[in-house]
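Colleague:
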Ligand SMILES: Cc1cc2nc3c(=O)[nH]c(=O)nc-3n(C[C@H](O)[C@H](O)[C@H](O)COP(=O)(O)O)c2cc1C
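Numbering (my numbering), first residue to last: 269 to 463.
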């Protein structure tokens with residue numbers, strides 16, 4: 269498969285950047301080709317503008333959006349890597365989704381997340397989170413992520429296989445971080461084709 273990894277972090281020395289690298293190493297070890305979209309390094313503009321509104325179902329989308337859509341078109345599996353910010357996505361990832369997965373290109377209705385316009389793909393979410401897993405479960409944050417991103421967002425993306433890894437304790441001890449990086453590697457190694 270061809271695997272696209274979308275990384276949102278401005279610091280190449282960050283934990284999230286290491287997660288993206290480990291995931292790609294795992295995917296390569298499994299025989300997949302990989303491509304990295306390093307949104308901050310590439311200077312992607314996450315702001316939704318009038319040009320996006322006037323994109324007319326993708327046909328006249330802004331050039332930078334078309335570049336990202338071409339990346340998606342050649343990918344069989346897509347992995348998003350970002351740190352959890354205020355129990356949500358950082359602005360760069362949010363804007364990339366808002367602009368690139370547009371009305372008329374990714375979806376054309378709002379009733380059924382399982383009716384994407386896109387072909388079936390495998391989707392992976394690798395989210396670095398400072399919080400503990402029990403805290404996230406008790407407070408309902410994990411359920412919120414599963415509903416909004418795995419069911420809603422990945423559904424409208426057309427992802428038929430969906431894999432969520434919340435990497436809790438990302439700011440913890442070195443052994444803890446090593447274990448999380450190993451999990452990212454295994455996620456790449458275990459990638460399966462879309463259903
Ligand atoms: C602006 C900001 C908001 C954050 N919000 C959360 C949060 O809501 N939940 C959480 O578990 N961690 C939160 N964190 C912690 C980050 O997830 C953590 O710093 C990150 O995973 C560390 O990885 P990095 O080195 O790749 O940045 C936040 C950090 C920042 C800077």
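Beta carbons: idealized from backbone N, C-alpha and C, even for Gly.
Give a yes or no on whether the C-beta atoms belonging to residue 434 and residue 413 are separated by under 8 Å.
Modeller: In the chain shown, the residue the question calls residue 434 occupies position 166. In the chain shown, the residue the question calls residue 413 occupies position 145. Going by C-beta atoms, residue 434 is nearer than 8 Å to residue 413.
Colleague: Just how far apart, CA to CA, sit residue 269 and residue 411?
Modeller: Start at 1 with the first residue of the chain shown, and residue 269 comes out as number 1. Start at 1 with the first residue of the chain shown, and residue 411 comes out as number 143. Spanning the two alpha carbons is a distance of roughly 30 Å.
Colleague: Is there contact here, the segment 358-371 with the segment 398-409, by at least three beta-carbon pairs under 8 Å?
Modeller: Flag = no, the segment 358-371 and the segment 398-409 do not touch.
Colleague: Please classify residue 290 as buried or exposed, where buried requires at least 16 other C-beta atoms within 10 Å of its C-beta.
Modeller: The residue given as residue 290 occupies position 22 in the chain shown. So residue 290 counts as buried.
Colleague: Among the residues of its own chain, which have a CB less than 6 Å from the CB of residue 277, if the five just before and after it don't count?
Modeller: Counted from its first residue, the chain shown places residue 277 at position 9. Result list for residue 277: 284, 285, in chain order.
Colleague: State buried or exposed for residue 299, treating a residue as buried only when at least 16 other CB atoms are found within 10 Å of its CB.
Modeller: Reading the chain shown from its first residue, position 31 is the one you call residue 299. Exposed, because fewer than 16 other Cβ atoms sit within 10 Å of the Cβ of residue 299.
Colleague: How would you call residue 336, buried or exposed, if buried means at least 16 neighbouring beta carbons within 10 angstroms?
Modeller: Within the chain shown, numbered from 1, the residue matching residue 336 stands at position 68. Result: buried.
Colleague: What are the partner residues of residue 393, as DSSP defines its beta bridges?
Modeller: Numbered from 1 along the chain shown, position 125 holds the residue referred to as residue 393. In DSSP, residue 393 forms a bridge with 348, 432.
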